[in-house]
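Following: one structure in structure tokens, then a few remarks.
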Amino acid sequence: MRAHYDVIVVGGGTAGTIAAIQASRAGATTLLVEKNGMLGGTLTVAGINAPAFFFAWGRQVIAGIGWELVCKTLAEMGQPAPAPDPRGRSRAVIVDRTLFAALCDETALDAGVDLLFHTMLATVTRREGHWRLGLCTKLGIREVRGKVLIDATGDANAVALAGFELVRPEIVQPATLQMRCSGYDPETLDYAALKAASEAAIAAGDLKTTDIAWDNRGPERFLRKQGGNANHFRAHGAEASEGKSLVEIEGRRSILRMRRFFRKQPGLESFTIDWISPEAGIRETATIRGKKTMTAQEYEAGKVYDDALCHAFYPIDEHLNDGKGGHGRGLRPGVLPTIPRGAMLPSGSRFLIVAGRCVSSDRETNSAVRVECPCMAMGQAAGAMAALSAQTGVDPEELLLETLRTLLREHGALVPGDVKLPASS
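Residue 196 in this note's numbering sits at position 196 of the sequence shown, with consecutive numbering throughout.
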């Protein structure tokens, strides 16, 4: 590990990993700092191993380094790369979490990225034209300097420590703890009786309404799928260690309540929890106050911003608390949203870039751009911006857009204007 880098990326999830690989491949010395022991973030540590969506209306709209990593993972699994659906439908791509994490390591190291796991931020300051980060390592605080800083924490932790404004909603989407279970035959269970029993357990206070299903529809879907993305619990304040600790505890409490309930039911006496994700999946915490803010009206209209760098394609998808399920709106045929550079730059900042869930957006837009494929696309855009900025001394906001877009294309990304949708979409 060096004392000084061109680019420092904090957060090694689906945005930060791709950002670091892109910056390093573009010639910038790059450090990637990650709080966990593996890369991949929500896809690996939180167990949501289904990136969505690379395709829209029968065309590929997100490619580049994120797509490369997914295809490498599928190749290791003995599966072909996905192709566009001839009917224009979009599907998530299921990948092996362990292989994806290992291939992130391999690809980052091959690109020349320095990886630092089990490390979190303590301080972020800018002096004498450089960012100075105090890093909490296992052996104490260590300072490192960088020309350009990328915040890919998902929670805008670096932006907050640097003193820039965040937007913190009073109510945020609930979290989920992924799990897998076994020890029963789904075909032999009496689901009507189980639903009645779960309702009685909720009334008695032995279960919460969202321990088994988001919308309290009963256990059938969960048990037939043998776990998955099922429960909901409140996640307010998860951008801070105290709040995140409470979220993790509540996730495991939810799993424990569910297990105790199931093992009292006929046919589920041997119900077993085989695996839970090491970290709760967080949908929403804080966003930056950006130089631009994406709105749902713009997103659903497919606005092509003058500084657009990548696409996003996912419906408005807001999960609700307390058993109310969620609400969503699909995009109209032919609509293809974009993400602008200005939404990735904190207002008033210089040489500071954000990629991922905490990008500047209203709550409805954030419910769509928070997912893994748009985060991958934003990560690559951030890495390209950071490398060019470090090499030229030009602030990311002032980089020539055509130069930036050309660099992204050279590394396999699709930028707005590259994708021609079929006339019938």
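Beta carbons: idealized from backbone N, C-alpha and C, even for Gly. Model, not experiment: these values are computed from the prediction.
| query | What is the DSSP secondary structure of Trp67, reduced to helix, strand or coil? | reply | Start at 1 with the first residue of the sequence shown, and residue 67 comes out as number 67. Trp67 sits in a helix when the DSSP states are folded into three classes.
Original post:
Between Phe117 and Pro266, what straight-line distance do the alpha-carbon atoms span, to the nearest angstrom?
Top reply: The residue you call residue 117 lines up with position 117 of the sequence shown. The residue you call residue 266 lines up with position 266 of the sequence shown. The straight-line gap from Cα to Cα measures roughly 45 Å.
Check: What are the boundary residues of the beta strand (DSSP E) that Ile353 is part of?
Finding: The count along the sequence shown starts at 1 and reaches residue 353 at position 353. Counting along the chain, Ile353 sits inside the beta strand (DSSP E) bounded by residues Leu352 to Val354.
Under DSSP, the alpha helix (DSSP H) around Cys375 begins and ends at which residues?
Walking along the sequence shown from the start, residue 375 turns up at place 375. Taken as a continuous stretch (DSSP letters only), the alpha helix (DSSP H) holding Cys375 covers Glu372 to Thr392.
To the nearest angstrom, how far is it from the Cα of Cys358 to the Cα of Ala193? Against the sequence shown, residue 358 aligns to sequence position 358. Against the sequence shown, residue 193 aligns to sequence position 193. Annotation: Cys358 to Ala193 spans about 43 Å, alpha carbon to alpha carbon.
Our contact map puts Val124 next to Pro278 with C-beta atoms below 8 Å; I'd like the distance itself, whole angstroms only. Stepping through the sequence shown from its first residue, residue 124 is reached at position 124. Stepping through the sequence shown from its first residue, residue 278 is reached at position 278. Their Cβ separation, rounded to whole angstroms, is 26 Å, which puts Val124 and Pro278 out of contact at 8 Å.
Chain-order list of residues whose beta-carbon lies under 7 Å from that of Ser389 (same chain, five-residue window excluded): In the sequence shown, residue 389 corresponds to position 389, counting from 1. If we look at Ser389 and ignore the five residues flanking it on each side, its Cβ neighbours are Val148, Phe351, Asp395, Pro396 and Leu399.
| message | Could you check whether Arg329 and Ile316 sit closer than 8 Å to each other, using their CB atoms as the reference points? | response | By 1-based counting over the sequence shown, the position of residue 316 is 316. By 1-based counting over the sequence shown, the position of residue 329 is 329. When the beta-carbon positions are compared, Ile316 and Arg329 come within less than 8 Å of each other.
Nearest neighbour of Thr137, chosen from Gln226, Thr119, Arg259 and Asp307 [CA to CA]:
Counted from its first residue, the sequence shown places residue 137 at position 137. Measuring from the Cα of Thr137, the nearest candidate turns out to be Thr119.
| said: Can you give me the C-alpha to C-alpha distance between Asp215 and Lys264, rounded to a whole angstrom? | reply: Mapped onto the sequence shown, residue 215 falls at position 215. Mapped onto the sequence shown, residue 264 falls at position 264. Asp215 and Lys264 have their alpha carbons spaced roughly 22 Å apart.
- request: Please report the Cβ distance between Arg145 and Arg132, rounded to the nearest whole angstrom; I am assuming they are in contact, meaning their Cβ atoms lie under 8 Å.
  value: Mapped onto the sequence shown, residue 145 falls at position 145. Mapped onto the sequence shown, residue 132 falls at position 132. Right, the Cβ-Cβ distance comes to about 5 Å (below 8 Å), so this counts as a contact.
- Message: One question on the structure: do Cys375 and Thr153 come within less than 8 Å of each other, judged by their Cβ atoms?
- Response: Working through the sequence shown from its first residue, we reach residue 375 at position 375. Working through the sequence shown from its first residue, we reach residue 153 at position 153. Their beta carbons are not under 8 Å apart, which means Cys375 does not touch Thr153 by this criterion.
key: Residue environment, Lys208, which counts as buried when at least 16 other CB atoms sit within 10 Å   = The sequence position of residue 208 within the sequence shown is 208, counting from 1. The residue is buried, with at least 16 neighbouring Cβ atoms inside 10 Å.
**Item:** Of the residues Ala175, Arg142, Thr293 and Tyr5, the one placed nearest Leu320, counting alpha carbons only
**Value:** As a first step, residue 320 must be located in the sequence shown, where it is residue number 320. Taking each of Ala175, Arg142, Thr293 and Tyr5 in turn and checking the Cα distance to Leu320, the smallest one comes out for Ala175.
query: For Asp317, which residues does DSSP report across the bridge?
result: By one-based count along the sequence shown, residue 317 stands at place 317. Answer is Gly328, bridged to Asp317.
Alpha carbons only, please: which of Ala384, Leu404, Glu410 and Ala377 is nearest the one belonging to Val61? Your numbering for residue 61 matches position 61 in the sequence shown. Checking every option, the nearest Cα to that of Val61 belongs to Ala377.
Using only the alpha-carbon positions, how far apart do Arg87 and Leu121 sit? Position 87 of the sequence shown, counted from the first residue, corresponds to residue 87. Position 121 of the sequence shown, counted from the first residue, corresponds to residue 121. If you take the alpha carbons of Arg87 and Leu121, they lie about 46 Å apart.
What runs of the alpha helix (DSSP H), each 4 residues or longer, lie entirely inside the segment 172-222?
Segments of the alpha helix (DSSP H) lying fully in the segment 172-222: 191-204.
Taking the alpha helix (DSSP H) that Lys138 falls in, what are its first and last residues?
-> Walking along the sequence shown from the start, residue 138 turns up at place 138. It is not in any alpha helix (DSSP H) - Lys138 carries neither H nor E in the DSSP assignment.
Next on the checklist: By alpha-carbon positions, which one of Met38, Asp155 and Ser360 ends up nearest to Gly243?
Outcome noted: Residue 243 sits at position 243 when you count from the first residue of the sequence shown. Nearest C-alpha to Gly243: Asp155.
- Message: Given this structure, state the Cα-to-Cα distance separating Ala343 from Gly37, to the nearest angstrom.
- Response: By 1-based counting over the sequence shown, the position of residue 343 is 343. By 1-based counting over the sequence shown, the position of residue 37 is 37. Cα-Cα distance, rounded: 29 Å.
Is the segment 360-375 touching the segment 23-31 in the sense that three or more CB pairs, one from each, lie closer than 8 Å?
With a cut-off of 8 Å, the segment 360-375 and the segment 23-31 do not count as touching, because too few Cβ pairs lie within range.
(Q) Distance check for Cys181 and Ser349, CA to CA, integer angstroms please. (A) As a working note, residue 349 is residue 349 in the sequence shown. As a working note, residue 181 is residue 181 in the sequence shown. Whole-angstrom Cα-Cα distance: 47 Å.
Nearest neighbour of His411, chosen from His4, Gly379, Ala280 and Ala301 [CA to CA]: If you number the sequence shown from 1, residue 411 lands on position 411. Of His4, Gly379, Ala280 and Ala301, the residue nearest in Cα terms is Gly379.
Worksheet item: If you draw a straight line from the C-alpha of Asp211 to the C-alpha of Asp274, how long is it?
Response: Residue 211 sits at position 211 when you count from the first residue of the sequence shown. Residue 274 sits at position 274 when you count from the first residue of the sequence shown. Our two residues, Asp211 and Asp274, have alpha carbons roughly 17 Å apart in a direct line.
Would you list the one or two residues that DSSP bridges to Ser361? Translated into positions along the sequence shown, residue 361 becomes position 361. Its beta-bridge partners are Met294.
### Task
Flag this pair as touching only if the segment 218-227 and the segment 245-257 have three or more C-beta atom pairs under 8 Å; answer yes or no.
These segments do not touch.
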